[in-house]
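One structure is given below, encoded as structure tokens.
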Amino acid sequence: MPKYNKIFGLSVLATAILLTACQPREKEAKEVNPPEVTQAEPEIVQLKGETEKLNLDLPECDGKSCPEITIERLNSNQRFIDEFIDQQILARLKGMLDVDAITSAKVQAASEPTPVQSAASEAAVTQPQLSARQQLEKQTIPYMQTFLNLDKELKALSANHSISLMIKPKILNPGNPLATVVLNSTHYLGGAHGSTAQNYYNFDLDSKKLVKLDDIVLPKQKAQLEAKAHDAFKTWVIDSELATDVAEYEQAWKFKLTDNFFLTKQGLALQYAEYEIGPYVVGLPRLNIPYSDLQGILKPEYLPKTEQAASEAQVAK
Numbered sequence: 001m002p003k004y005n006k007i008f009g010l011s012v013l014a015t016a017i018l019l020t021a022c023q024p025r026e027k028e029a030k031e032v033n034p035p036e037v038t039q040a041e042p043e044i045v046q047l048k049g050e051t052e053k054l055n056l057d058l059p060e061c062d063g064k065s066c067p068e069i070t071i072e073r074l075n076s077n078q079r080f081i082d083e084f085i086d087q088q089i090l091a092r093l094k095g096m097l098d099v100d101a102i103t104s105a106k107v108q109a110a111s112e113p114t115p116v117q118s119a120a121s122e123a124a125v126t127q128p129q130l131s132a133r134q135q136l137e138k139q140t141i142p143y144m145q146t147f148l149n150l151d152k153e154l155k156a157l158s159a160n161h162s163i164s165l166m167i168k169p170k171i172l173n174p175g176n177p178l179a180t181v182v183l184n185s186t187h188y189l190g191g192a193h194g195s196t197a198q199n200y201y202n203f204d205l206d207s208k209k210l211v212k213l214d215d216i217v218l219p220k221q222k223a224q225l226e227a228k229a230h231d232a233f234k235t236w237v238i239d240s241e242l243a244t245d246v247a248e249y250e251q252a253w254k255f256k257l258t259d260n261f262f263l264t265k266q267g268l269a270l271q272y273a274e275y276e277i278g279p280y281v282v283g284l285p286r287l288n289i290p291y292s293d294l295q296g297i298l299k300p301e302y303l304p305k306t307e308q309a310a311s312e313a314q315v316a317k
């Protein structure tokens, strides 16, 4: 009997040891299978930002004929776009204000500091590393001086008109497929009337490049696009009651394809400047071509999904 009890006790002990040894293995078996990891969707890059006004330090002026100038720049999450727009602002100023045209601007700029120059000099002393806005302010100094001297010369001629200038960018499309910034400008510098302009700049945020009209058109389809745009031009002439005979109208205002474009929800918009395809009275003409007419002309990635599928099928034929 004692021998039986001894054998029974050893059996119980062996069973307990086996059960204990099995526990970690079950644990290890469970740990072999890692939890399922869901793959995150790639983040879509979008253009985001606001405009900031330049500090131009105009001299104090009272009355209704004071010169007015407002320049704003883009401050966004895409530095390459901000820098590009800054250069376009300077180019626009150069087109409006010929620094060399007013000799007194050169003389005064060399002889006496203006409030704008004084402020820029102080900023250079106190802030060696200028911000992007301050750098642009510094670059506008010659144009500001020309603007102020033009105002003086007009007032010396007893002109009662108030000259004005405005430049302001705006984010039109944040992306997908293109990020678009429009640069609006207006100016009146004497004469019969002022002038207005709208320039659209399109960017690929992935490649960080400016996208031109040729870049979104399929190979060998530029002529087809021009034909579609010409049809839109003819419709615009008739609908605007500019003429009953388009061929006769084109003797004075001949159609041409512009590179100033942007993509809308409905199609391709072609923006023209004053006097480009019509008289001053028509302002800034805009021609619109619907996406349904652009299948097989625009690259599929620049078409909405429904038109994109149809365009890909058409190209594959």
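With UniProt numbering, letter number 132 in the sequence shown gets 132, and the count goes up by one each step, no holes. By construction, the Cβ of each residue, glycine as well, lies at the ideal position given by its N, Cα and C atoms. Model, not experiment: these values are computed from the prediction.
Between the alpha carbons of residue 111 and residue 90, how many angstroms are there, rounded? With a pLDDT of only 46 at residue 111, under 50, the local geometry of the prediction cannot be trusted, and the value read off the model is given with reservation. Computed Cα separation, rounded: 24 Å.
Is residue 95 helix, strand or coil when you go by DSSP? Correct three-state label for residue 95: helix.
Would you be able to state if there are at least three C-beta pairs under 8 Å between the segment 183-194 and the segment 227-241? no
According to DSSP, residues forming a beta bridge with residue 49: 76
Rounding to the nearest angstrom, what Cα-Cα distance links residue 140 and residue 276 in this structure? 28 Å
Check residue 195 in the structure and name its three-state DSSP category. strand
Buried or exposed (CB count within 10 angstroms, at least 16 for buried), residue 147: buried
Looking at residue 75 and residue 47, is the spacing between their C-beta atoms short of 8 Å? no
Please determine, among 174, 179 and 197, the residue with the shortest C-alpha to C-alpha distance to residue 185. 197
Give a yes or no on whether the C-beta atoms belonging to residue 287 and residue 270 are separated by under 8 Å. yes
Given residue 218 as reference, the closest of 298, 279, 135 and 259 once Cα atoms are compared: 298
What distance in whole Å lies between the Cβ atoms of residue 289 and residue 228, which are believed to be in contact at a cut-off of 8 Å? 5 Å
Runs of beta strand (DSSP E) wholly within the segment 265-304 (minimum 3 residues, chain order): 267-271 and 286-290
Tell me the DSSP bridge mates of residue 170? Paired residues: 182.
Where in the segment 221-268 do unbroken runs of the beta strand (DSSP E), each at least 3 residues long, occur, reported from the N-terminal end onward? If we require 3 residues or more, the beta strand (DSSP E) runs fully inside the segment 221-268 come out as 261-263.
Could you tell me the distance, in whole angstroms, from the CA atom of residue 250 to the CA atom of residue 283? The straight-line gap separating the alpha-carbon atoms of residue 250 and residue 283 is approximately 17 Å.
Backbone CA spacing between residue 156 and residue 143 [nearest angstrom]: Near 20 Å, if we compare the C-alpha coordinates of residue 143 and residue 156.
Would you tell me roughly how many angstroms separate the C-alpha atoms of residue 306 and residue 128, rounded to the nearest one? Distance between the alpha carbons of residue 306 and residue 128: 54 Å.
Per DSSP, residue 203 is paired with what? 179 and 210
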